[in-house]
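Chains as they are written, first to last, in our numbering: chain A, 150 to 366; chain B, 150 to 366. Beta carbons are placed, not taken as given, at the ideal position from N, Cα and C, and that holds for glycine. Remember, it's a predicted structure, so these values are computed and weren't measured experimentally.
Protein chains: 2
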Amino acid sequence: MQHEVPSAGSREKVLEVAEALFARRGFAGVGLREVAETAGLGKSSLFHHFKGKVQLYFAVLERVLRRMDLCLQPLFAAAIAPAARLDAVIDGLIDTLVEHPGSARLLLRALFEDDDFAPETLSEAEPTERILESLIARLDALLREGVAQGVFRPVSTPHMVQTLIGATVYHFASGDFGETLLGSPLCSSEQVRRRKDELRALLHHGLTAPAVVPSGG
Amino acid sequence: MQHEVPSAGSREKVLEVAEALFARRGFAGVGLREVAETAGLGKSSLFHHFKGKVQLYFAVLERVLRRMDLCLQPLFAAAIAPAARLDAVIDGLIDTLVEHPGSARLLLRALFEDDDFAPETLSEAEPTERILESLIARLDALLREGVAQGVFRPVSTPHMVQTLIGATVYHFASGDFGETLLGSPLCSSEQVRRRKDELRALLHHGLTAPAVVPSGG
DNA sequence: GTCTATACTACGATAGAC
DNA sequence: GTCTATCGTAGTATAGAC
């Protein structure tokens, strides 16, 4: 029973190819012809899998978000202290972003491009919005819990969510710029580890050095 | 000598319009026809001011970066302690991002889109790269100075640069998403002030609450 | 030198016939 | 699942009006 399943295989292949292209060049910058040919299909064959470009885009986005959700859900649900849970969630988020190149960019684009999509296609965006909202809600709830327990400072949790997104999603979306800045590939295991450590340290201590007790003068 | 200077006026108008459009939809998502007509010109008239789309794009980007550079340069040069200088730079950066809507998005795009521009047009990007590099270099130097003086923890300065970009540029580029998250306009004076305070507090203290001395058991 | 009109080529998304 | 057609619009070049 190892016969080819061209339709399912094609769909996956298309989604994979489209994910990379949309991540690199954004919605407007990608042509269906390019997607189709890279996936080894004729341009029009795409329409047997996706009704149009918008549908393909949201299918790609939804797949990415589902992947993240599946990865993060157990971490959010772990029965451990908020501080440790936040660390685990951040590590997990970074891991998914690294594991699936393009995720970070695609997500970043989805976050900051107030996509002016046609009114008719708004319903296509709904599933992705739902997943995204639930992820954000979980993160916000985790922060609130920590604040309520007094283990976190009384921060504005939405602002902290934004900061965390910037520190993770933006970082791993920053491509050549980030790579030049760091001097080595963003997704090298060394730099990934570094990123986790730096972010964790920032959250635990801030940037300023621990205050020294004025002893000698 | 107050006579109209139509060419300079048109050029400025085009740059203004193009800045907003490129910020909203990115390079590929903008048509020259739309730019021209919004600026009150015929499509072909653009080509008397800019050789092509790529040149227009980089002209816009360069203008944005120059504006930022002009604003931040004195702040970087201030003869005050690194910690206070960093605070001033961050506040100044946020102020420019807020003052010129679109700056944040345009900059964010420029940072994470490894623009696959034609080999011939690479020279157009050079001035913008120079300004950007100098800004980053100054920020990195400031962080290094603080670390050297022992007022900052021994952080990886490139990673901290990335975090700061995320916390400022991404935040103010996040549009509807950020606005929904915060519950009020990103650029409202209240939320801007909040952003500065939250970021400053994060840098000074981290997220975790100040450790309580175990007194009562 | 500054703007405009028209034309050209390429490619976009989509639809219907095989 | 592929091929070809359609039709709009993209970016660009040329020729001309102020």
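Asked                                                                                                                                                                                                  : Found
Output the distance between the C-alpha atoms of arginine 173/B and valine 304/A, rounded to the nearest integer angstrom.                                                                             : 30 Å
With burial defined as no fewer than 16 other Cβ atoms inside 10 Å of the residue's Cβ, what is the status of glutamine 340/B: buried or exposed?                                                      : buried
So with CB distances below 7 Å, who are the chain B contacts of serine 323/A?                                                                                                                          : Leu260, Phe261 and Gln311
Contact criterion: CB-CB distance below 7 Å. Does glycine 366/A meet it with respect to chain B?                                                                                                       : For glycine 366/A, the pLDDT reaches just 42, beneath the cut-off of 50, and the residue's location in the model is therefore unreliable, although a value from the coordinates is still provided. It does not: the Cβ of glycine 366/A has no partner Cβ on chain B nearer than 7 Å.
Tell me which residues share the same chain as glutamate 328/B and place their Cβ nearer than 8 Å to its Cβ, disregarding the 5 neighbours each side in the sequence.                                  : Pro334 and Leu335
Go ahead and pull the three-state DSSP assignment for phenylalanine 266/B.                                                                                                                             : coil
Among the residues of its own chain, which have a CB less than 7 Å from the CB of alanine 227/B, if the five just before and after it don't count?                                                     : Arg234 and Ala237
Taking just the CA atoms, how far does aspartate 264/B sit from glycine 355/A?                                                                                                                         : 34 Å
By DSSP, does glutamate 161/A sit in helix, in strand, or in coil?                                                                                                                                     : helix
One question on the structure: do alanine 322/B and phenylalanine 261/A come within less than 7 Å of each other, judged by their Cβ atoms?                                                             : yes
Inspect the beta-carbon positions of threonine 277/B and leucine 214/B and report whether they are closer than 7 Å.                                                                                    : yes
If we ignore side chains and look at the alpha-carbon of each, how far apart do arginine 160/B and arginine 349/A end up?                                                                              : 47 Å
Of all the CB atoms in chain B, is at least one closer than 7 Å to the CB of glycine 189/A?                                                                                                            : no
Figure out for me which residue from Phe225/B, Ala230/B and Gly251/B has the closest Cα to the Cα of glutamate 241/B.                                                                                  : Checking the displayed sequence, the identity of residue 241/B turns out to be glycine instead of glutamate. Taking only the C-alpha atoms, the option nearest glycine 241/B is Phe225/B.
Could you check the C-alpha separation between proline 268/A and glutamate 275/A for me, to the nearest Å?                                                                                             : 12 Å
Give the residues of chain B in contact with serine 388/A, contact being defined as C-beta atoms less than 7 Å apart.                                                                                  : The first residue shown for chain A is 150 and the last is 366, placing residue 388/A beyond what the model contains.
Compute the Euclidean distance between the alpha carbons of valine 163/A and alanine 208/A, then round it to the nearest angstrom.                                                                     : 10 Å
Closer than 8 Å between beta carbons: that is the criterion. Which residues of the segment 259-288 of chain B meet it against chain A?                                                                 : Leu260, Phe261, Glu262, Asp263, Asp265 and Ile285
When the Cα atoms are used, what is the spatial distance from phenylalanine 326/B to proline 250/B?                                                                                                    : 16 Å
Return no unless some Cβ of chain A is closer than 7 Å to the Cβ of histidine 368/B.                                                                                                                   : No statement about residue 368/B is possible, as the shown extent of chain B runs from 150 to 366 and does not include it.
Out of Asp244/A, Val184/A and Asp289/A, point me to the one whose CA is closest to glutamine 311/A's CA.                                                                                               : Asp289/A
DSSP puts phenylalanine 301/A in a beta bridge; with which residues?                                                                                                                                   : Thr357/B
Thinking C-alpha only, which one of Gly175/B, Phe199/B, Lys192/B and Arg293/B is nearest arginine 182/B?                                                                                               : Lys192/B
Is the distance from the Cβ of glycine 175/B to the Cβ of tyrosine 319/A below 7 Å?                                                                                                                    : no
Just to confirm, are alanine 185/B and arginine 302/A a CB contact at a threshold of 7 Å?                                                                                                              : no
Please go through the same chain and pick out, in chain order, the residues whose beta-carbon is closer than 8 Å to the beta-carbon of threonine 245/A, but skip the five residues on each side of it. : Arg216, Met217, Cys220, Leu221 and Ser252
Can you pull the chain B residues whose beta carbon is under 7 Å from the beta carbon of glycine 241/A, in chain order?                                                                                : The premise fails here: glycine 241/A is roughly 17 Å from chain B at the closest Cβ pair, so nothing lies under 7 Å.
Please report how far the alpha carbon of glycine 324/B lies from the alpha carbon of tyrosine 206/B, in whole angstroms.                                                                              : 21 Å
Specify, as a first and last residue, the run of the alpha helix (DSSP H) that threonine 317/A falls within.                                                                                           : From DSSP, threonine 317/A is part of no alpha helix (DSSP H); its letter is neither H nor E.
Check each candidate in Arg279/A, Ala297/A and Gly178/A and name the one with the smallest Cα separation from arginine 258/A.                                                                          : Gly178/A
Where does cysteine 220/B fall in DSSP's three states?                                                                                                                                                 : helix
On the premise that proline 231/B lies in contact with glycine 165/B, defined as a C-beta separation below 8 Å, what is that separation, rounded to the nearest angstrom?                              : Checking the displayed sequence, the identity of residue 165/B turns out to be glutamate instead of glycine. 36 Å between Cβ atoms; not a contact.
In its own chain, which residues sit with a C-beta less than 8 Å from the C-beta of glutamate 211/B, not counting the 5 before and 5 after it?                                                         : Pro276, Thr277 and Ile280
Using a Cβ-Cβ distance cut-off of 7 Å, determine whether valine 238/A contacts chain B.                                                                                                                : no
CA-CA distance, alanine 286/B and phenylalanine 266/B?                                                                                                                                                 : 25 Å
Closest to glutamine 204/A by CA distance: which of Leu271/A, Arg344/A and Ser338/A is it?                                                                                                             : Leu271/A
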